[in-house]
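Peer 1: Sequence lines, in order, name chains A and B.
Using the numbering used here, read the first sequence as starting at 1 and increasing by one per residue.
Using the numbering used here, read the second sequence as starting at 212 and increasing by one per residue.
Yeah, the Cβ is synthetic: ideal placement off N, Cα and C, and Gly gets one too.
Just so we're clear, the structure is a prediction, and the values are computed from it rather than from any experiment.
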Amino acid sequence: MNDYRNIVADGLWRNNVVFTQMLALCPLMAVTTTATNGLGMGLATTGVLVASNIVIASLRHWIVEEVRIPIYVLLIAALVSLADMAINAWLHELYKVLGLFIPLIVVNCCVLGRAEAFASRQPVLASAVDGLAMGLGYTLTLMLMGGCREMLGSATLFAQASLLLGQSFVFLETTLIRNYHGFLLMLLPPGGFLVLGFLLAGRRLLERRQS
Amino acid sequence: MKPEFRQSWGYHTALLGGVALLTSAAIGVADHLTRADIVQRQLEDLQVTLQQVVPTAYYDNDLVRDAVTVNEGNRPVTVYRARRNGQVQAVCYQVSAPGYGSSAMVMVIGVDRNGALLGVRVISHAETPGLGDKIELSRSDWILRFNGRSLNDPPPSGWAVKKDGGVFDQFTGATITPRALVKAVKGGLEFFAAHRALLLDDVVVGGNP
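Okay, structure coming up:
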């Protein structure tokens, strides 16, 4: 039980994909112009992360070290393609919103990172929990980044959330300042680096306080 | 711990090949299972989009199935014709424009008999989220400004964004996307003007039942 608590704490905070491992920064910069986009990308990544961790953990006894990387890449790419096709065919409304993000997950190195660092040497259940925790940690980070950039850049929060989550989530969509002229820099990649830098500094401060 | 045979190159090759084979097989099966559904979904999407650019009052036929292919240069363009009582009232077809990034923006435009735009909708693009994606109707009503426009309204020099001396607004932070889109819509109207007789199917009988 303690083990699982550790895995979850690692994924969400202590060993957070972005803040500690500094992985998956490319999709992070690309999609976090709104909190809603961050949420969508995070959820899609979480799904793939759990699936890839489960598959790789269950095959870990057969996979040998010398050829492990190409095998992980093959498995992850196949899983993403399967998810892409299945969502397109059977959850088409969701696909219209997430479709943009799904192919990006293939190049998300945190999936390969977890396969290598965790799933290749841990039992299936623990790997699934690790994938879920890492994915949720990543989702929270994406939403935090997206929220900051969105608030600074266009003074809204969770704009268009109802496109992703359905009409019942319209209440999430907030406009903070009417007739805001927009702070374009925050929506462009440099704004992403700025926000990430300040968030990292904030995290350091927090940790120093604690110790 | 590790059995000896796993260190041999034969095992490595077989393992890698086996995984490649299995994953390819899985993708093949999934493709087979999903293909029909995906085509169906895309057709439904197309139908929904066509209905947005050609009001239902314009036709009583099955729009998606009354298609004709016209060559524009060396690029085939599929034109869907909206008929009422057998006469073509409006046509709609895809036009594309180079986007801000590497991939193209694809849109559908509807044009009535007289060459006036009934509507323009972007169906796929990869523009910067939060900036260029204001071309989507769900995010901004910008795209509606084309309604009713034609090649002479505004005159040719006005078919540009305001920054370039035209009549169409660019939006905050993005000029390249609307500029490309305005140009593509104008190109779409010129395509209609060039192939008007063929598209309206006034004399040609046959083609599509």
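Residue 360(B) touches chain A at which residues, Cβ-Cβ below 7 Å?
Peer 2: In chain order: nothing, as chain A lies at least about 27 Å away.
Peer 1: Measuring only between beta-carbons, confirm whether residue 388(B) sits less than 8 Å from chain A.
Peer 2: No, its Cβ sits nowhere closer than 8 Å to a Cβ of chain A.
Peer 1: At a Cβ threshold of 8 Å, is residue 227(B) touching chain A?
Peer 2: At least one chain A Cβ lies under 8 Å of residue 227(B).
Peer 1: I need the DSSP call for residue 360(B), collapsed to helix, strand or coil.
Peer 2: Correct three-state label for residue 360(B): coil.
Peer 1: Closest to residue 22(A) by C-alpha separation, out of 203(A), 102(A), 165(A), 44(A), would be which residue?
Peer 2: Checked all of 203(A), 102(A), 165(A), 44(A); the closest Cα to residue 22(A) is 203(A).
Peer 1: I'd like the span of the beta strand (DSSP E) that includes residue 283(B), first residue to last.
Peer 2: Unbroken beta strand (DSSP E) run through residue 283(B): 278-283.
Peer 1: Relative to the alpha-carbon of residue 265(B), which residue among 348(B), 410(B), 398(B), 292(B) has its alpha-carbon at the smallest distance?
Peer 2: Ranking 348(B), 410(B), 398(B), 292(B) by Cα distance to residue 265(B) puts 292(B) first.
Peer 1: The alpha helix (DSSP H) with residue 149(A) in it runs from where to where?
Peer 2: First-last of the alpha helix (DSSP H) with residue 149(A): 124-154.
Peer 1: Under a CB-based cut-off of 8 Å, is residue 86(A) close to chain B?
Peer 2: Closer than 8 Å to some Cβ of chain B, the Cβ of residue 86(A) qualifies, so yes.
Peer 1: Could you name the residues of the region 247-261 of chain B whose beta carbon sits closer than 7 Å to any beta carbon of chain A, in the order they occur along the chain?
Peer 2: Flagged, chain order: 248, 249, 252.
Peer 1: Who does residue 307(B) pair with in a DSSP beta bridge?
Peer 2: DSSP output for residue 307(B) lists 317(B) as bridge partner(s).
Peer 1: Between which two residues does the alpha helix (DSSP H) carrying residue 389(B) extend?
Peer 2: First-last of the alpha helix (DSSP H) with residue 389(B): 387-405.
Peer 1: Which chain B residues sit within Cβ distance under 9 Å of residue 52(A)?
Peer 2: Within chain B, no residue comes near residue 52(A); the closest Cβ sits about 12 Å away, beyond 9 Å.
Peer 1: Could you say if the region 101-114 of chain A and the region 44-60 of chain A meet the contact criterion of at least three C-beta pairs nearer than 8 Å?
Peer 2: Yes, the region 101-114 of chain A is in contact with the region 44-60 of chain A.
Peer 1: Assuming contact is defined by CB atoms lying nearer than 8 Å, are residue 37(A) and residue 146(A) in contact in what I supplied?
Peer 2: It is a contact, given that the beta carbons lie within the stated cut-off.
Peer 1: From which residue to which residue does the beta strand (DSSP E) around residue 291(B) run?
Peer 2: Here the beta strand (DSSP E) through residue 291(B) covers 286-295.
Peer 1: Would you call residue 167(A) buried or exposed, if buried means 16 or more other Cβ atoms sit within 10 Å of its Cβ?
Peer 2: Exposed.
Peer 1: Are the beta-carbon atoms of residue 212(A) and residue 148(A) separated by less than 8 Å?
Peer 2: The requested residue 212(A) is not part of the displayed model; chain A covers only 1 to 211.
Peer 1: Who are the near neighbours of residue 307(B) in its chain, counting only those whose CB is closer than 8 Å to its CB and skipping five residues on each side?
Peer 2: For residue 307(B), where only same-chain residues beyond five positions count, the Cβ hits under 8 Å are 315, 316, 317, 318, 395.
Peer 1: Classify residue 225(B): buried if its beta carbon has 16 or more other beta carbons within 10 angstroms, exposed otherwise.
Peer 2: Flag for residue 225(B) reads exposed.
Peer 1: Show which residues of chain A have a CB atom less than 8 Å away from the CB atom of residue 349(B).
Peer 2: Simply 160, 163.
Peer 1: Could you confirm whether any beta carbon from chain B is found closer than 8 Å to the beta carbon of residue 209(A)?
Peer 2: Taking Cβ atoms only, chain B never reaches closer than 8 Å to residue 209(A), which makes this a no.
Peer 1: How would you call residue 234(B), buried or exposed, if buried means at least 16 neighbouring beta carbons within 10 angstroms?
Peer 2: When all chains shown are included, residue 234(B) counts as buried.
Peer 1: Nearest by alpha-carbon distance to residue 231(B): which of 124(A), 79(A), 160(A) is it?
Peer 2: When each option's Cα is compared against that of residue 231(B), the closest is 79(A).
Peer 1: Mind checking residue 135(A): buried by the 16 CB within 10 Å criterion, or exposed?
Peer 2: Counting Cβ neighbours within 10 Å, residue 135(A) comes out buried, since at least 16 surround it.
Peer 1: Here's the rule I'm using: 16 or more other beta-carbon atoms within 10 Å means buried, otherwise exposed. How should residue 161(A) be labelled?
Peer 2: Per the 10 Å Cβ criterion, buried.
Peer 1: Does the beta-carbon distance from residue 8(A) to residue 111(A) come in below 8 Å?
Peer 2: Taking 8 Å as the Cβ cut-off, residue 8(A) and residue 111(A) do not qualify as a contacting pair.
Peer 1: At the level of alpha carbons, what is the spacing between residue 70(A) and residue 91(A)?
Peer 2: Each residue's alpha carbon lies about 30 Å from the other.
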